[in-house]
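>
Here it is, written out as structure tokens:
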């Protein structure tokens, strides 16, 4: 039973380059979340989708960040241009439909380093 | 506004000791959900438990137990007879309809030593 899949697991890039992070949610889950984790700010919600539609992107730090979910099984988080302060672990999570708020299952994360 | 406070930044115990991780939350919503997640050194976030605001029953799962008390806005997590494999960062989180997102505490680093 596959969990949330993220790729790449590690990404090292230079400032100014475009970075694309990918996520495949658990099959049947209809909500998808992108988080960023840093030592300074902890876990922050960047954006979440419900049924492929972005619901809340208030956590997206700047216009350099964008996220898409073209279908129920795939989402991307893009940073263009990247900056050293974007270095963090980016997690994707998904949750199933149902009453109330269901637990989110997290992917293994992508560790991004921007030099 | 929603807030989760995990006042214990780091706890060190010797194996087989019991340990309690504290979590205090703030919300004005009457309906909300509380969660605990574990982040081992490998980095992934593992879901442990979900509780809704209408269910104050304590929960026990093996060596893990959770004490939910609305009167003190706390949702504490106890590990009985701790093991080295319990070493991880533990996060408490809160979801409310008003906030419409999961708010995490800053985490408690638990170190279990031999």
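Chains as they are written, first to last, in my numbering: chain A, 1 to 115; chain B, 1001 to 1114.
Quick reminder that beta carbons are idealized off the backbone N, C-alpha and C, glycines included.
Does the distance from the CB of residue 1025 of chain B to the CB of residue 1065 of chain B come in under 7 Å?
No.
> Do three or more CB pairs link the region 32-47 of chain A to the region 68-77 of chain A at distances below 8 Å?
They touch, by the three-pair rule.
> Using alpha carbons as the reference points, say which of A/96, A/63, A/53 and A/92 lies closest to residue 81 of chain A.
Answer by Cα proximity: A/63.
> Pairing CB atoms from the region 1075-1091 of chain B with CB atoms from the region 1016-1023 of chain B, are three or more of them under 8 Å?
With a cut-off of 8 Å, the region 1016-1023 of chain B and the region 1075-1091 of chain B count as touching, because enough Cβ pairs lie within range.
> Below 8 Å on the Cβ atoms is my contact criterion, and I expect residue 101 of chain A with residue 93 of chain A to pass it. Report the Cβ-Cβ distance as a whole number of Å.
With 8 Å as the limit, residue 101 of chain A and residue 93 of chain A do not qualify as a contact, their Cβ atoms being about 12 Å apart.
> Considering just the uninterrupted stretch of the beta strand (DSSP E) at residue 953 of chain B, what are its terminal residues?
Limits of chain B in this structure are 1001 at one end and 1114 at the other, which puts residue 953 of chain B out of reach.
> Name, in chain order, the residues that DSSP records as bridge partners for residue 94 of chain A.
Residue 94 of chain A is bridged to A/32 and A/105.
> Looking at chain E, is there any beta carbon in it that lies within less than 7 Å of the beta carbon of residue 1028 of chain B?
Checking the listed chains, one finds no chain E in this structure; the protein chains it contains are A and B.
> For residue 1071 of chain B, count neighbouring Cβ atoms within 10 angstroms of its own Cβ and tell me buried if that reaches 16, exposed if not.
That one is exposed.
> Measure the beta-carbon distance from residue 71 of chain A to residue 50 of chain A and round it to whole angstroms, keeping in mind my assumption that it falls under 8 Å.
Contact flag wrong, Cβ pair sits at about 14 Å.
> Residue 49 of chain A CB to nearest chain B CB: under 7 Å?
Residue 49 of chain A does not count as touching chain B.
> For residue 69 of chain A, report the span of its beta strand (DSSP E) as first-last.
It spans 65-71 - the beta strand (DSSP E) in which residue 69 of chain A sits, taken as one unbroken run.
> Name the residues in the region 1059-1073 of chain B whose C-beta lies less than 8 Å from a C-beta of chain A; which are they?
Result list empty, no residue passes.
> On the DSSP bridge assignment, give the partners of residue 1021 of chain B in chain order.
Answer is B/1077, bridged to residue 1021 of chain B.
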